[in-house]
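Take the position in the sequence shown, starting the count at 1, then add 3; the result is the number in the numbering used here.
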Amino acid sequence: MKKCMAILFFLVYWLLAQCYVIVALVRGFCLYLGEKTPFSHAFVEGFCRLLFDARVEYLNPAMREQVRQQEHCILLYNHRSIADFTVCTFTTAPDRLSYVSRLGVFWLFPLGLSTISLIERNAILFYRGRKDRQKLKRKLFARMGKLIRRGLFVIVFPEGHRNTKKSTLPLKRGAIDWAYDQGIACAIVLHDGNEDMISEKEFSFQRGVNVRCLHKGIYHPRDYSTRDDFFDTIKREFAAGYAELIVK
Numbered sequence: 004m005k006k007c008m009a010i011l012f013f014l015v016y017w018l019l020a021q022c023y024v025i026v027a028l029v030r031g032f033c034l035y036l037g038e039k040t041p042f043s044h045a046f047v048e049g050f051c052r053l054l055f056d057a058r059v060e061y062l063n064p065a066m067r068e069q070v071r072q073q074e075h076c077i078l079l080y081n082h083r084s085i086a087d088f089t090v091c092t093f094t095t096a097p098d099r100l101s102y103v104s105r106l107g108v109f110w111l112f113p114l115g116l117s118t119i120s121l122i123e124r125n126a127i128l129f130y131r132g133r134k135d136r137q138k139l140k141r142k143l144f145a146r147m148g149k150l151i152r153r154g155l156f157v158i159v160f161p162e163g164h165r166n167t168k169k170s171t172l173p174l175k176r177g178a179i180d181w182a183y184d185q186g187i188a189c190a191i192v193l194h195d196g197n198e199d200m201i202s203e204k205e206f207s208f209q210r211g212v213n214v215r216c217l218h219k220g221i222y223h224p225r226d227y228s229t230r231d232d233f234f235d236t237i238k239r240e241f242a243a244g245y246a247e248l249i250v251k
């Protein structure tokens, strides 16, 4: 019975995701005219508060405000659930967000992503199975550069895969090395609880989950002499923040 209810929820969730874009467009025009990504803001806020009823606990609110004040920044998030798409984009700067994600996410929110990304041009979706990886990276980084120059934050999941273990997966270097070369700061933002809201592994859903969010720190390339120093610091801090957040 529990799995049947979960299947029913996922179907309802998918349908609501398509329909809610209409509400998001109206709210975007009415409420967020001064923002860079008002429709995405309305979309993710509605899902977090109306569908998920998520309760976000910010463990380092002062650092959150420092991140929000950055002129240019790449946000490095951990990936625990499909709920990340809405929760992670909501917890830092939904008013100026953009994201890099594999193409599979499109099928979760086809209408929403199509409509909002066409208006705001804030989504980079890529096919991970492409053979020419270098060409793929060049295109991704070129598009990320355009988003950064528009004053948007770019969300990246450096672990590359969903991970609900007690330790981090090895981080991918690509976006972090690119940030160093471009002189763009990276901020580590970690979440715990998203997998309790929606778990693909257990096929379950809960409302009213308490999500813990840790803004671990901001790392500027100018403070590091080499790419390796920059990457090693981020890797170490990502793992330390993850342990601080997940293990407790």
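By construction, the Cβ of each residue, glycine as well, lies at the ideal position given by its N, Cα and C atoms.
Residues near residue i in its chain [Cβ-Cβ closer than 6 Å; skip 5 each side]
i	result
Phe144	Trp181
Val103	Ile127 and Val159
Ala190	Val70, Cys76, Leu78 and Ile221
Gly163	Lys175
Ser101	Asn125, Leu150, Leu155 and Val157
Ala242	Thr171
Same chain only: Cβ atoms within 8 Å of residue i, ignoring 5 sequence neighbours per side
i	result
Arg71	Thr95 and Ala96
Glu240	Ile191, Lys219, Gly220 and Tyr222
Leu172	Glu162, Gly163, His164 and Asn166
Gln137	none
Reference residue i, options the options, closest by Cα
i	options	result
Leu44	His82, Ser120, Glu68 and His75	Checking the displayed sequence, the identity of residue 44 turns out to be His instead of Leu. Ranking the options by Cα distance to His44, first place goes to Ser120.
Glu68	Val192, Leu53 and Thr236	Val192
Gln73	Asn81, Met200 and Arg152	Arg152
Ile201	Arg99, Ile85, Asp235 and Val157	Ile85
Pro256	Asp235, Leu174 and Phe42	The requested residue 256 does not occur in the structure, where the chain is confined to residues 4 to 251.
Phe156	Phe93, Gln137, His194 and Leu248	Phe93
Asp226	Leu54, Ile179, Ala188 and Ala57	Ala188
Gly196	Ala178, Ile249, Ile179 and Thr171	Ile249
Lys270	Ile237, Ala178 and Asn81	Limits of the chain in this structure are 4 at one end and 251 at the other, which puts residue 270 out of reach.
Ile237	Asn81, Leu54 and Lys39	Asn81
8 Å contact criterion, which residue i and residue j should meet: CB distance rounded
i	j	result
Arg99	Gly37	Going by Cβ atoms, the distance from Arg99 to Gly37 rounds to 11 Å, so no, they are not a contact pair.
Cut-off 7 Å between Cβ atoms - residues of its own chain near residue i, not counting five sequence neighbours on either side
i	result
Glu198	Arg83, Ser84 and Thr167
Val59	Thr94, Val214 and Cys216
Asp56	Arg210 and Gly211
Gly244	Ile191, Leu193, Leu217 and Lys219
Leu53	none
Is the stretch 205-215 in contact with the stretch 179-192, if contact means three or more CB pairs nearer than 8 Å?
-> no
Inter-stretch contact (C-beta, 8 Å, three-pair minimum) for the stretch 46-56 and the stretch 73-90 | yes
Check whether the stretch 51-71 touches the stretch 165-179, taking contact to mean three or more Cβ pairs, one atom from each stretch, closer than 8 Å.
-> no
Please determine if the stretch 216-232 and the stretch 144-154 are in contact, where contact requires at least 3 C-beta pairs separated by less than 8 Å.
-> no
Please specify which runs of the beta strand (DSSP E), each continuous and at least 3 residues long, are wholly inside the stretch 190-224, giving them in chain order.
-> 213-222
Ranges of the beta strand (DSSP E) found wholly within the stretch 56-92, counting only runs of at least 3 | 58-61 and 76-80
Could you give the uninterrupted runs of the beta strand (DSSP E) lying entirely in the stretch 120-193, keeping only those of 3 residues or more?
-> 126-129 and 156-159
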